[in-house]
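Chains as they are written, first to last, in the numbering used here: chain S, 3 to 502; chain U, 4 to 324; chain D, 3 to 173.
From the three backbone atoms N, C-alpha and C, an ideal C-beta is built for every residue, glycine too.
Okay, so here's the structure we're looking at.
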Amino acid sequence: MLQHIIPATGLLFTLENILWINVGVFIGSVFAAIPGLSVILCVILFLPVTYSMTAIPGMMFLLGIYCAGGYGGSVSAILINTPGTPHAAATMLDGHPLSEQGRTKAALKIALYASTFGGVFSALMLLFLGPQVARIAAQLGTAEYFMVCVFGLTIIAGVSGKSMIKGLISACLGLLISCVGSDPMTSYDRFTFGIPRLYLGLDLAICLIGLFALVEIMAKAEKRLDRLDLDTTQIKDDGVITKAEYRRMARPVLVSSIIGVLVGIIPGTGASEASWFSYNTAKNMSKHPEEFGRGSVEGIAAAESANNAVTGATLIPLLTLGIPGDGTVAIMLSALMINGLNPGLSLFTTQGDIMYAIMLGLILVNIFMCLQGKFLTTLFAKVVSIPQEILTPIIVIFCFAGAYSVNGNYFDVGVALIFGILAWILRKLDLPPVPILLGLVLGSMTETNFRRALLISNGSPKIFFSSIYCIIFLVLIVAAVGTIVRGKMKERRASGQKED
Amino acid sequence: MKKRILSLALVGAMCVALLASCGGKKKAAWKVTCPWAPSGVAAMVNQQAATKSADYSDTITLVPEAIKGDAATVNTWVANTKANATELVFVGEGLLSITSILDPDKMQFGYEDFIFVENLYSSIFVLSADAKLGIGSIADLEAYVQQGNEISVAVNGATSSEAFLAAALFGSMGAGDKLKLTPYQSAAEAAQAVARGETQFAVSHQSQILETYQQKGVTVVCAFDENDITNGDFAGVEGVGQHGYPYFRNRCFIMARAGTDEKKVEELKELYGKILADQEVADWLHDTMLLEVDTMSVEDVEAHVENVKSIVNEYKDIVAG
Amino acid sequence: MSRWVEQFNGRMDAWGRKLHEKEIRIPIDLVTGVVFFLVALVILLVMPDQVAVSEKDVVNGRAFPTMLMAVMMLCCAMLVAKELYKLATRQPLNWKVINVQVEMKALVILGILIGTWALSKITGLFVVGAVFCCLGFLLYFRCRKKSYYAITLVLAVAIWAAFRFVLGVDF
């Protein structure tokens with residue numbers, strides 16, 4: 003590890019990287035602070051920008067957005083009682099009441115420091131655990147990789163929303179779309195309908211611009227044009243956090259960071275689950291559970307440290323196995339692969355310097371997030387009230403410019419538009435879009451390994467049960483699906499009882 | 004006042020944009036598109052050549068770009084590039100000799116759409132075997148084939164140069180019907196597959212099997228060339244040509260769009276010639292990438308394309324079924 | 003001009019109020035099940051034309067998409083069966099209300115998006131499409147603040163310039 007860290011430090015500490023980290027952190031904070039704009043949307047919009055960059059600045063930029071998004075969501079949650087991102091909902095429970103007590107700045111500071119601690123803790127975990135997991139990954143063959151892909155697809159169960167059947171339909175659609183283009187095993191064309199540009203398949207960034215960004219623009223039709231007239235003078239309090247408060251926060255921050263890391267490693271679970279789980283744990287552990295929901299510093303700290311502790315942890319399965327921990331990092335996979343960085347042990351050996359630079363960079367990202375949060379919070383707060391009239395066309399221009407820049411043609415912009423229309427129809431049919439994203443990301447890998455494994459075994463499915471790793475992943479798949487299904491059934495029963 | 008400032012800002016932004024687009028440049032930037040993986044051999048050589056271009060020309064800067072997509076990328080390039088555009092593209096025998104026969108519909112271009120500038124390198128592919136098989140020479144391989152064993156070979160892509168070399172070798176040994184080609188997504192993956200025992204053999208660039216070979220996971224059986232390899236870690240590995248088996252080297256032609264001014268093409272050829280003659284570049288190609296500097300004429304290129312075409316025509320049934 | 007705009011807006015408002023009252027109720031799960039069952043069926047039907055296979059393949063290029071379509075059809079069948087069971091047992095179906103006004107507004111937005119794309123493509127100048135997009139959305143939102151027009155247009159040109167000159171995207 004040490005032989006990579008020194009050259010990695012040299013690669014990381016360049017003016018270009020520092021600049022992109024800060025740009026990413028700034029954009030991520032701004033996007034996440036605006037209710038309705040998500041981190042995933044931000045990463046999708048800016049992914050094409052990274053195509054013209056090399057691996058380190060590209061990843062630093064995206065990681066900046068990703069990590070700052072974790073914190074940015076808390077700004078609007080605290081200020082206007084509306085979470086900027088879904089995972090900031092737990093922060094809102096105590097953040098806004100504390101703000102109403104005249105301690106807005108203190109609430110924002112607690113959220114920032116807890117986020118930074120969670121982020122740095124998670125980055126360190128990635129630094130130490132990543133290479134170990136990669137070493138195991140190197141021993142995996144084609145059949146084992148297929149099982150890993152199936153395990154990755156269990157995320158679908160977690161991101162399907164109300165109906166798992168509809169989640170599966172979406173996932174099938176995503177997997178089918180990933181089949182468009184040259185067959186990876188034979189080079190024959192599939193589903194190209196005589197359109198030459200489709201030989202190459204559909205670019206992930208272009209599909210996502212349509213599926214997640216353009217559909218949000220069309221969804222403006224559903225909303226009224228509300229203006230959030232935020233009074234930024236309310237964050238002019240002294241923001242003092244007492245020593246006693248710091249002491250009270252220490253334990254929930256540490257425990258929540260550990261929870262965030264554990265939740266982040268498991269594909270299919272994300273920052274929202276981590277923040278709620280941590281919030282509950284902190285409440286159960288607290289000497290003052292009665293303060294929760296009324297402006298508890300422990301509540302804010304627990305929720306925020308957990309949702310940022312997920313960031314580094316989700317990168318562990320991504321960098322070692324190519325399995326994204328959540329939807330946002332799934333998009334980052336294409337930023338890595340466009341630079342020829344394929345997940346696995348070789349990433350930590352032959353391209354170890356770059357990989358360690360990225361992992362160390364994650365620590366740096368969190369430090370810059372803390373600095374920007376400290377000095378620019380008032381600005382982020384003002385951003386919350388940017389008028390939709392200005393924001394909407396700007397997002398569209400970003401979408402189109404991004405889609406065009408992937409391959410330099412308007413055909414791709416047209417494809418993005420078609421995906422936007424498809425996403426609108428899916429929205430009307432209550433079909434979740436995230437399983438489509440997972441299908442698109444994991445489709446080719448799943449199919450290739452499935453077919454290649456059967457080719458190696460001359461068509462015998464026994465190959466999928468032939469090694470200890472296959473069995474381990476099989477058990478994990480069953481356990482993951484079982485846990486999620488049980489959770490969903492409990493949820494349904496609980497909501498049924500409520501209705502009764 | 005506010006409105007005036009805003010209007011001025013708008014006009015300013017537009018003027019800056021217009022001025023920037025009209026600005027003259029003394030140095031012409033030639034974008035060199037590599038239609039293969041950014042981590043692949045060709046993209047890395049492209050990057051290296053571009054870095055060196057600044058040292059050898061005051062008028063041309065080479066700008067490397069890697070857009071994975073093979074025929075699709077070149078289709079786009081041909082469609083969007085006019086004669087005399089400052090654009091270059093890589094084309095290899097994979098497109099000109101393999102895709103043109105197996106899947107001509109995929110190509111919306113032909114050799115006539117380009118003007119040859121230079122060949123950047125030539126690479127000798129090697130056949131490696133699972134170390135457990137104990138196959139270290141062509142004689143061992145022939146004996147193994149004669150036993151009637153099934154032969155599985157890991158290759159980078161189902162209809163790649165590597166696949167055709169494997170088909171040509173085992174096909175000419177009379178074992179075409181026993182051959183099972185297992186395609187992988189990259190050459191590095193194919194090389195690892197043989198070390199893991201998923202396949203018995205792999206065809207790859209020398210640099211891509213070197214690490215596994217040094218770890219004793221594989222033996223290197225033969226080289227797809229006329230003569231034995233003379234230096235480096237694989238010195239002494241037999242060339243299949245000596246045993247009468249077909250072979251070809253992997254080459255990477257830099258092409259300009261047809262109709263481009265001959266003087267410009269000459270200038271570019273001269274620049275590439277200087278870059279390739281640079282000792283540092285030659286050493287890097289030779290020692291790190293295990294490639295050879297191989298400048299070529301148009302006649303050499305046409306002969307190479309035809310040689311590969313004849314191999315493809317003979318063995319396409321084994322590869323494509 | 004402003005009178006004309008107000009007249010136009012007034013007409014649109016009247017039309018919008020009429021449309022707002024029109025709602026379509028659809029049994030969402032039933033429709034989803036049937037639509038995607040048909041989609042899967044169509045994909046299976048076009049598969050032989052769209053996916054060439056070789057006799058040598060152990061698992062050919064049709065296997066995976068066929069498997070996916072089978073899963074999709076199974077899921078659709080389950081959705082439909084669930085709804086039919088509800089119908090038979092007189093339980094309420096899963097309904098969704100589609101408001102015609104919302105859909106018309108979405109169509110207008112889609113029109114702006116298509117216009118932006120078409121203008122950029124036809125003129126070959128992305129910035130022309132970008133300016134159209136800004137004006138289109140500002141008019142859609144009935145924005146009357148001139149400063150918003152100026153800010154949005156400056157930002158649109160700035161984004162184009164950033165992609166064109168900083169990132170080297172030629173459009």
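Query	Result
Looking at C-alpha atoms only, which residue of Cys44/S, Ala109/S, Ala10/S, Gly12/S is the closest neighbour of Ile302/S?	Ala109/S
Do three or more CB pairs link the region 248–258 of chain U to the region 219–238 of chain U at distances below 8 Å?	yes
Please list, in chain order, the residues of the region 187–217 of chain S that have any C-beta partner in chain D closer than 9 Å.	Met187, Thr188, Tyr190, Asp191, Arg192, Phe193, Thr194, Phe195, Leu216
Going by DSSP, what residues sit across from Phe256/U in a beta bridge?	Val94/U, Asn122/U
Between Ile70/U and the rest of its own chain, which residues show a CB-CB distance below 7 Å, the 5 nearest in sequence each way excluded?	Thr36, Pro38, Thr76
Buried or exposed for Leu217/D, going by 16 or more other Cβ atoms inside 10 Å?	Given a span of 3 to 173 for chain D in the structure shown, any question on residue 217/D remains unanswerable.
Between the C-alpha atoms of Gln374/S and Leu204/S, what's the straight-line distance to the nearest angstrom?	37 Å
Within 8 Å of any Cβ in chain D, is that where the Cβ of Pro395/S sits?	yes
On the DSSP bridge assignment, give the partners of Pro186/U in chain order.	Val158/U
Measuring CA to CA, which of Thr54/U, Ala238/U, Asn310/U is closest to Pro67/U?	Thr54/U
How many whole angstroms separate the CB atoms of Val129/U and Ser207/U, which I take to be in contact at a CB cut-off of 8 Å?	7 Å
For Asn87/U, does the three-state DSSP call read helix, strand or coil?	coil
Alpha carbon to alpha carbon, how far is Gly404/S from Val51/S?	7 Å
Please list the partners that Ile161/D has in chain S, where partner means a Cβ-to-Cβ separation under 8 Å.	Ile396, Ile399, Phe400, Ala403
So, are the CB atoms of Thr106/S and Ala305/S less than 8 Å apart?	no
Given Trp426/S, which residues of its chain have a CB within under 6 Å of its CB, disregarding the five upstream and five downstream residues?	Val217, Met220
Can you list, in chain order, the residues of the region 432–466 of chain S whose Cβ is nearer than 7 Å to any Cβ on chain U?	Thr450, Arg454, Leu457, Ile458
Run through chain D and tell me which residues come within less than 8 Å of Met61/S, C-beta to C-beta.	Chain D residues near Met61/S: none, gap ~17 Å exceeds 8 Å.
Please state whether DSSP places Phe128/U in a helix, a strand or coil.	strand
Taking the alpha-carbon positions, what's the Phe15/S to Leu317/S distance?	21 Å
Can you tell me the Cα-Cα spacing of Val312/S and Leu128/S, whole angstroms?	10 Å
Go through the region 47–118 of chain D residue by residue and report every complete run of the beta strand (DSSP E) that reaches 3 residues or more, in order.	97–101
Which chain S residues sit within Cβ distance under 7 Å of Ala50/D?	Note on residue identity: the sequence assigns Pro, not Ala, to residue 50/D. Under the 7 Å cutoff, chain S gives no residues; its nearest Cβ is about 12 Å from Pro50/D.
Is the beta carbon of Val120/U sitting closer than 8 Å to the one on Leu91/U?	yes
Using a Cβ-Cβ cutoff of 7 Å, what residues of the region 139–170 of chain S are near chain U? List them in chain order.	Gly143, Thr144
With three or more C-beta pairs closer than 8 Å as the rule, is the region 397–417 of chain S touching the region 177–195 of chain S?	no
Against chain D, does Cys181/S count as a neighbour if the rule is that its beta carbon must be under 8 Å from one of theirs?	yes
Using C-beta distances below 8 Å, list every residue in its chain close to Val122/S, excluding the 5 sequence neighbours before and after it, in chain order.	Ile365, Asn368, Ile369
Under DSSP, the beta strand (DSSP E) around Cys225/U begins and ends at which residues?	221–226
For Arg27/D, report the span of its beta strand (DSSP E) as first-last.	25–29
Here's a check: name, in chain order, each residue in its chain whose Cβ is nearer than 7 Å to the Cβ of Phe193/S, leaving out the five neighbours to either side.	Cys181, Val182
Any chance the region 201–216 of chain U sits against the region 152–164 of chain U, with 3 or more Cβ pairs inside 8 Å?	yes
I'd like to know whether the C-beta of Lys5/U is nearer than 8 Å to at least one C-beta of chain S.	At Lys5/U the pLDDT is 47, less than 50, meaning the model places this residue with poor confidence; the figure from the coordinates comes in the next sentence. No, Lys5/U does not count as interfacial toward chain S.
In whole angstroms, what separates the C-alpha of Lys430/S from that of Gly117/D?	23 Å
Among all the DSSP beta bridges, which residues are the ones paired with Arg5/D?	Bridge partners of Arg5/D: none, in fact.
Give me the Cα-Cα distance between Cys209/S and Ala171/U, rounded to the nearest whole angstrom.	40 Å
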